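FYI, the numbering for the sequence shown is 114 to 487, going by our numbering. All C-beta atoms, glycine included, are put in the ideal place defined by N, C-alpha and C. Fair warning: this is a prediction, and the values are worked out from it, not measured in the lab.
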Amino acid sequence: MSLSYELLGTDGNARRGRLTTAHGTIETPAFMPVGTAGTVKAMLPQSVAETGAEIVLGNTFHLMLRPGAERVAALGGLHKFMNWPKPILTDSGGFQVMSLKELRKLDRDGVTFRSPIDGSTHRLTPERSIGIQHLLDSNITMSFDECTTWPVEEDAAAQSMRLSMQWAERGKRAFVERPGYGLFGIVQGSIFPALREESVKALTAIGFDGYAVGGLAVGEGQALMFETLDTTLPILPADRPRYLMGVGRPADIVGAVARGIDMFDCVMPTRAGRTAQAFTRRGELNLRNARHRDDPRPIDEHCGCPACANHSRAYLHHLIRAEEILGAMLLTWHNLHYYQEVMRGLRSAIEAQALGPWIAAFEAEQERGDIAEL
Ligand SMILES: [Zn+2]
């Protein structure tokens with residue numbers, strides 16, 4: 114295998130593992146900050162690493178359009194280009210292309226689309242997507258798939274899933290095996306257990322270095338997402354990592370880890386950080402709210418991030434109201450730090466076989482809500 118995955122321990126269905134790539138190891142369960150256009154927005158690469166993140170995600174769609182995958186390759190690959198020496202996972206570009214709607218045309222072979230930047234015409238096929246991810250020097254390449262819409266009828270979900278399985282096989286043939294680099298397949302089939310099972314069988318017959326669960330967190334809600342994980346995860350190979358794409362809020366991550374997911378990515382902590390929203394042990398809060406205007410206390414006195422160690426809620430509130438860039442930087446840092454803190458807690462709890470009590474304490478604190486107004 115091109116990527117090595119070591120299962121270090123379990124607690125119920127939850128897994129504590131280690132993934133080894135050509136650019137270093139990733140302790141799992143892991144959260145991957147999203148670095149859309151070759152940057153985790155508002156963060157220096159070394160600051161992202163300081164939060165504890167060991168891998169970031171890059172977007173094929175954005176990077177192929179600007180600055181161009183060939184240009185990144187000529188400049189030494191994405192690790193060097195963005196000065197992130199640790200592992201990188203890239204998505205396939207499928208999700209963004211499918212979201213273009215009027216600007217794209219889907220056929221059995223791939224997707225033709227117009228660039229939202231300059232209107233130029235581009236084409237993504239399974240082979241081209243894998244080729245671009247190779248040019249970017251991504252450690253974990255994702256299969257190119259069609260993202261099934263939501264809500265969807267079972268027949269349409271089946272057709273969409275079967276097309277993705279054909280594309281997965283083509284992608285596997287196009288992938289260049291190298292030590293420390295791997296290719297993940299993506300399980301589709303919406304919320305239909307029979308389709309998920311068919312998809313798992315198709316992917317495991319092809320054989321991938323890891324398996325992602327796709328097509329969730331698209332509006333189906335947490336209960337249906339967890340139900341789908343409950344039927345999908347037990348039939349995936351136990352010796353390969355599992356990645357839940359695009360998830361989510363801290364409570365979604367905790368519930369998915371308990372069910373056996375190893376890897377996550379989501380724009381939520383970074384996007385929220387740019388819109389004054391903070392994720393904390395005691396739930397979510399909005400620093401734009403007037404209640405913080407005169408509050409000298411940090412967001413969370415137990416948080417070790419620079420926003421909490423050095424600044425008051427009143428100052429953060431002021432930065433946001435004044436539209437100062439530092440406000441977005443500090444809140445993004447806090448949110449990424451908090452997400453990594455949750456992952457550290459989950460990993461230690463699984464190691465100690467104490468995940469149940471850890472989750473009970475996590476939920477109790479989230480339910481308490483924010484500290485009382487001064
Ligand atoms: Zn903090």
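The C-beta separation of Gln453 from Phe144 comes to about 6 Å, placing the pair in contact by the 8 Å criterion.
DSSP lists no bridge partner for Val380. Look at His247 here: in three-state DSSP terms it is helix. A distance criterion of 7 Å places the beta-carbon of Ala420 in contact range of ligand 1, judged by its closest non-hydrogen atom. In the structure shown, the three-state DSSP call for Ala403 is helix. Per DSSP, the continuous alpha helix (DSSP H) segment holding Leu444 begins and ends at Ile438 to Glu464. For Ile433, the shortest C-beta to heavy atom distance toward ligand 1 is 7 Å or greater.
Its chain contains Thr134 and Ala135 as the residues whose beta carbon lies nearer than 6 Å to that of Gly293, once the 5 sequence neighbours on both sides are disregarded; these appear in chain order. DSSP, reduced to helix, strand and coil, places His235 within a strand of the structure shown. Here DSSP, grouped into helix, strand and coil, assigns Pro146 to strand. Under DSSP, Glu119 takes part in a beta bridge, and its partners are Arg131. Within 7 Å of the C-beta of Asp258 there is not a single heavy atom belonging to ligand 1. Between the alpha carbons of Arg404 and Ala422 lies a distance of about 20 Å.
C-alpha of Pro419 to C-alpha of Met442: approximately 10 Å in a straight line. DSSP, read as helix, strand or coil, puts Gln301 in coil. A heavy atom of ligand 1 is found nearer than 7 Å to the CB of Ile412.
About 11 Å separates the Cβ atoms of Ala389 and Glu397, ruling out a contact at the 8 Å cut-off.
Closest option to Asn196, judged by alpha-carbon separation, among Ala162, Glu119 and His431: Ala162.
Judged by their CB atoms, Gly373 and Leu444 are not nearer to each other than the 8 Å cut-off.
A contact between stretches requires three or more CB pairs, one per stretch, nearer than 8 Å, and the region 199–209 meets this requirement with the region 162–173. Taking 7 Å as the cut-off, one finds no heavy atom of ligand 1 near enough to the beta carbon of Cys379.
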